[in-house]
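Structure record follows, encoded as structure tokens.
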Amino acid sequence: MKEFLKTAAAVKPSQRQLDWFDVGFYAFIHFGVNTFTDREWGLGNEDEGIFNPQKLNCDQWVAAAKSAGMKGLILTAKHHDGFCLWPSKFTEHSVKNSPIKRDIVREAADACRRGGIKFGFYLSPWDRNSKYYGTEEYNDYFCNQLTELLTGYGDIFCVWFDGACGEGPNGKKQVYDFDRYIKLIRQYQPGAVIFNDAGPDVRWVGNEAGKARYAEWAVVPCELCFRSQVQTGPAPMAELGSLEYMYNTDKDIGSVNNIMYSKGLAFTPSEIDMSIRPGWFWHEYEEPHSLERLFRTWLTSYGANACLNLNLPPNRDGFIDERDVKRLKELGELIKKEFGSPIKANVKKAGDTPVTQPKYEITFETDVRDIKYVEIMEDIAKGQRIETFRIIADTQSGAQYPLYQGTCVGNRKICVLKDPFEDQNPLLRDKEDSFKKLTVFVTSARDEVFIKGIKVY
Ligand code: FUL
Numbered sequence: 001m002k003e004f005l006k007t008a009a010a011v012k013p014s015q016r017q018l019d020w021f022d023v024g025f026y027a028f029i030h031f032g033v034n035t036f037t038d039r040e041w042g043l044g045n046e047d048e049g050i051f052n053p054q055k056l057n058c059d060q061w062v063a064a065a066k067s068a069g070m071k072g073l074i075l076t077a078k079h080h081d082g083f084c085l086w087p088s089k090f091t092e093h094s095v096k097n098s099p100i101k102r103d104i105v106r107e108a109a110d111a112c113r114r115g116g117i118k119f120g121f122y123l124s125p126w127d128r129n130s131k132y133y134g135t136e137e138y139n140d141y142f143c144n145q146l147t148e149l150l151t152g153y154g155d156i157f158c159v160w161f162d163g164a165c166g167e168g169p170n171g172k173k174q175v176y177d178f179d180r181y182i183k184l185i186r187q188y189q190p191g192a193v194i195f196n197d198a199g200p201d202v203r204w205v206g207n208e209a210g211k212a213r214y215a216e217w218a219v220v221p222c223e224l225c226f227r228s229q230v231q232t233g234p235a236p237m238a239e240l241g242s243l244e245y246m247y248n249t250d251k252d253i254g255s256v257n258n259i260m261y262s263k264g265l266a267f268t269p270s271e272i273d274m275s276i277r278p279g280w281f282w283h284e285y286e287e288p289h290s291l292e293r294l295f296r297t298w299l300t301s302y303g304a305n306a307c308l309n310l311n312l313p314p315n316r317d318g319f320i321d322e323r324d325v326k327r328l329k330e331l332g333e334l335i336k337k338e339f340g341s342p343i344k345a346n347v348k349k350a351g352d353t354p355v356t357q358p359k360y361e362i363t364f365e366t367d368v369r370d371i372k373y374v375e376i377m378e379d380i381a382k383g384q385r386i387e388t389f390r391i392i393a394d395t396q397s398g399a400q401y402p403l404y405q406g407t408c409v410g411n412r413k414i415c416v417l418k419d420p421f422e423d424q425n426p427l428l429r430d431k432e433d434s435f436k437k438l439t440v441f442v443t444s445a446r447d448e449v450f451i452k453g454i455k456v457y
């Protein structure tokens, strides 16, 4: 078992996954015929003439995303209705037959480049318009469209595949040729991560409510992400059980009680996708979620070893709604206020501790009486290792008390000691006494721990 834990600890991300973690927080843009019909799922028979966002200006999308601190944007180039936001050569059901006749994929990609953020696209395999859907020819059609998007719009950071799959005009469900799609993406955009239910690079977290798991492991059983690269042999209990039941919505995925039954492990972190409003597409009578909800979502996704893909739906003019723009700015300001300037601190690894139970001592250059967050980052390029940890405080008056107890860390764990919207942590005796030292004590790990950084706010 110990040997297997060490192998699990050595499962490593690809460079494209590390780059994606660096993007961290990005915008989803759901835009298309549904924006004009008030639907969430189009039927596929919409008239191209209804798509008419006369005032469209993608720089406004980018500015809104950046005001919240986002570093990328993913556009629905085609949703389930099959309408293409670029003038595809392979269908008439696109912007080329709409009154505005503009290539919105190009405009969005160019706006992202101008604004210094990354660009990616969503291409729905489910297509309710294509006459080929439900036949093998559809996979050719889909690959042709994918190739247009992969080759005509510069660098792509993420290709986002939706798992939805309906029946075609012949009453048959399409069999998607994901192996072929993945090969094309690797060929033309080797730096792009692929979001897909079963991997290879990024998996769905399992909910659209904005929450990572209590323990959100990036190293998961290959039974869950069978399109990801499997990096270990079978676990010691693999022959004695099966993980075939496992799905993204499970509460517990990468923990030892699961991985010990696995046939092999893969590095496939999760993305949290959520809309700023109840719907994915814009509807006049919907309102953005509260600042509190969005800030908490950011903490429980971006701050919990995952990335946050927050949807901002443009309205019929082609603008992100003013109410959403305001909320995004508030969110960006709150994140800056809470995380803009870390407390000046010295982090030192205590000598003579076991390699899987290191202690990191944090001392301060100034008189510190109030601590709201501790951010811990593992050097995941070497693998994800920490199982459990705790944070202990020592005060100038000689008191010692526990502040936080947590599970896995991974790329980034933000430990919330004082949520600005919540009753305060009773263990935090703020103002009365100042902190002499904080200790981040790793209480268990799969192998030697490598910390990339610890910051205190
Ligand atoms: C779902 C789709 O069916 C929704 O319309 C939306 O695009 C969401 C992000 O994924 O599966």
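Under this note's numbering, the sequence shown has 223 at position 223, and the numbering climbs by one with no breaks.
Don't be surprised by glycine CBs; every beta carbon is placed ideally from N, CA and C.
Predicted, not measured: the structure shown is a model, and the values here were computed from it.
### Query
Taking 6 Å as the cut-off, is the CB of W280 close to at least one heavy atom of the ligand FUL?
One-based indexing of the sequence shown puts residue 280 at position 280. At least one heavy atom of the ligand FUL is found less than 6 Å from the C-beta of W280.
### Message
Taking 6 Å as the cut-off, is the beta-carbon of A10 closer than that to any non-hydrogen atom of the ligand FUL?
### Response
Start at 1 with the first residue of the sequence shown, and residue 10 comes out as number 10. No, the Cβ of A10 stays beyond 6 Å of every heavy atom of the ligand FUL.
### Query
Taking the Cβ atom as the reference point for each residue, do P53 and D433 lie within a distance shorter than 7 Å?
Counting from one through the sequence shown, the residue named residue 53 turns up at place 53. Counting from one through the sequence shown, the residue named residue 433 turns up at place 433. Going by C-beta atoms, P53 is not nearer than 7 Å to D433.
### Query
In chain order, which alpha helix (DSSP H) runs of at least 4 residues are fully inside the segment 206-249?
none
### Task
For K96, collect the residues of the same chain with a Cβ closer than 7 Å to its Cβ; drop the 5 residues on either side in sequence, then sort them by chain order.
The sequence position of residue 96 within the sequence shown is 96, counting from 1. The answer, listed in chain order, is P87.
### Message
For V175, tell me which candidate among E137, D22, I185 has the shortest Cα-Cα distance.
### Response
By 1-based counting over the sequence shown, the position of residue 175 is 175. Of E137, D22, I185, the residue nearest in Cα terms is E137.
### Query
If you drop the 5 nearest sequence neighbours on each side, which residues of the same chain put their C-beta closer than 6 Å to that of R385?
Here residue 385 refers to the residue found at position 385 when the sequence shown is read from its first residue. Only A9, A445, R446, D447, V449 meet the Cβ criterion.
### Message
What does the alpha-carbon distance come out to for the pair E223 and Q229?
### Response
In the sequence shown, the residue the question calls residue 223 occupies position 223. In the sequence shown, the residue the question calls residue 229 occupies position 229. As the crow flies, the alpha-carbon of E223 is around 12 Å from that of Q229.
### Query
Ends of the beta strand (DSSP E) at F28?
As a working note, residue 28 is residue 28 in the sequence shown. It spans 25-29 - the beta strand (DSSP E) in which F28 sits, taken as one unbroken run.
#### Entry: Exposed unless 16 or more other CB atoms sit within 10 angstroms - verdict on Y26
Taking the sequence shown and counting its residues from 1, one reaches residue 26 at position 26. Buried: at least 16 other Cβ atoms inside 10 Å.
#### Entry: Three-state secondary structure assigned by DSSP to K66
To locate residue 66, count along the sequence shown from 1; it is residue 66. In this structure, K66 counts as helix in the three-state DSSP scheme.
### Task
Tell me, to the nearest whole angstrom, how far the beta carbon of P13 is from that of I414; I am working on the premise that it is less than 8 Å.
Here residue 13 refers to the residue found at position 13 of the sequence shown. Here residue 414 refers to the residue found at position 414 of the sequence shown. About 20 Å; that fails the 8 Å criterion.
### Message
Counting C-beta neighbours from all protein chains within 10 Å, is the total for V456 16 or more, i.e. buried, or is it exposed?
### Response
Working through the sequence shown from its first residue, we reach residue 456 at position 456. So V456 ends up on the buried side.
### Query
Is the beta carbon of G210 sitting closer than 7 Å to the one on T297?
Position 210 of the sequence shown, counting from 1, holds the residue named residue 210. Position 297 of the sequence shown, counting from 1, holds the residue named residue 297. Yes, the pair counts as a contact, with Cβ atoms nearer than the cut-off.
### Task
Could you name the residues of the same chain whose beta carbon sits closer than 7 Å to that of D352, not counting the 5 residues immediately before and after it, in chain order?
Walking along the sequence shown from the start, residue 352 turns up at place 352. Around D352: no qualifying Cβ.
### Query
Quick one: what does DSSP say I194 is sitting in, helix, strand or coil?
Start at 1 with the first residue of the sequence shown, and residue 194 comes out as number 194. Strand.
### For G199, the three-state DSSP class (helix, strand or coil)
Residue numbering aside, residue 199 sits at position 199 when the sequence shown is read from its first letter. Here G199 sits in coil by DSSP.
### Task
Could you spell out where the alpha helix (DSSP H) holding Y188 opens and where it closes?
Against the sequence shown, residue 188 aligns to sequence position 188. Y188 -> alpha helix (DSSP H) spans 178-188.
### Length of the line joining the Cα atoms of L403 and I50
One-based indexing of the sequence shown puts residue 403 at position 403. One-based indexing of the sequence shown puts residue 50 at position 50. Spanning the two alpha carbons is a distance of roughly 56 Å.
### alpha helix (DSSP H) segments (min. 4 residues) lying fully within the segment 313-382
322-339
### Query
With distances taken between CB atoms, is the gap from R128 to G44 smaller than 7 Å?
Counting from 1 along the sequence shown, the entry for residue 128 is found at position 128. Counting from 1 along the sequence shown, the entry for residue 44 is found at position 44. Result yes, Cβ atoms of R128 and G44 sit closer than 7 Å.
### Task
Within the same chain, show all residues whose beta-carbon is closer than 8 Å to that of S242, passing over the 5 residues directly before and after it, in chain order.
Position 242 of the sequence shown holds residue 242. So the list reads E223, Y261, once near-sequence residues are dropped.
### Query
Could you give the uninterrupted runs of the alpha helix (DSSP H) lying entirely in the segment 247-281, keeping only those of 4 residues or more?
256-259
### Query
What three-state label does DSSP hand E107 in the structure shown?
Taking the first residue of the sequence shown as position 1, residue 107 is located at position 107. Three-state DSSP puts E107 in a helix.
### For K348, the nearest candidate out of P354, C58, V355, E361 (CA to CA)
As a first step, residue 348 must be located in the sequence shown, where it is residue number 348. Of the candidates P354, C58, V355, E361, the one whose C-alpha sits nearest the C-alpha of K348 is E361.
### Query
Could you give the distance in angstroms between the alpha-carbon of A212 and the alpha-carbon of E271?
The residue given as residue 212 occupies position 212 in the sequence shown. The residue given as residue 271 occupies position 271 in the sequence shown. Roughly 9 Å between the two C-alpha positions.
### Message
Looking only at its chain, what residues have a beta carbon closer than 6 Å to the beta carbon of Q400, apart from the 5 residues adjacent to it on each side?
### Response
By one-based count along the sequence shown, residue 400 stands at place 400. So the list reads D394, once near-sequence residues are dropped.
### Query
When you compare each of E378, E387, Q424, R369 to S397 by their alpha carbons, which one comes out closest?
As a first step, residue 397 is located in the sequence shown; it is residue number 397 there, counting from the start. Ranking E378, E387, Q424, R369 by Cα distance to S397 puts R369 first.
### Query
On the three-state DSSP scale, how would you describe D394?
For the purposes of this step, residue 394 is identified with residue 394 of the sequence shown, where counting begins at 1. The answer is strand: DSSP assigns D394 an E or B state.
#### Entry: Through-space distance from R16 to P420, alpha-carbon basis
In the sequence shown, residue 420 corresponds to position 420, counting from 1. In the sequence shown, residue 16 corresponds to position 16, counting from 1. Straight-line Cα distance between these residues: approximately 34 Å.
#### Entry: Nearest neighbour of N196, chosen from T268, D324, P234, V62 [CA to CA]
Sequence index remark: in the sequence shown, residue 196 carries index 196 (1-based). Nearest C-alpha to N196: T268.
### Task
Going by CA-CA distance only, name the one from L331, R186, V33, D367 that's closest to K436.
Numbered from its first residue, the sequence shown carries residue 436 at position 436. Here the closest residue by C-alpha is D367.
### Message
Buried or exposed, going by whether 16 or more other CB atoms sit within 10 Å of the CB of G383?
### Response
Position 383 of the sequence shown, counted from the first residue, corresponds to residue 383. Buried: at least 16 other Cβ atoms inside 10 Å.
### Query
Cβ of I253 within 7 Å of Cβ of V220?
Counting from 1 along the sequence shown, the entry for residue 253 is found at position 253. Counting from 1 along the sequence shown, the entry for residue 220 is found at position 220. Going by C-beta atoms, I253 is nearer than 7 Å to V220.
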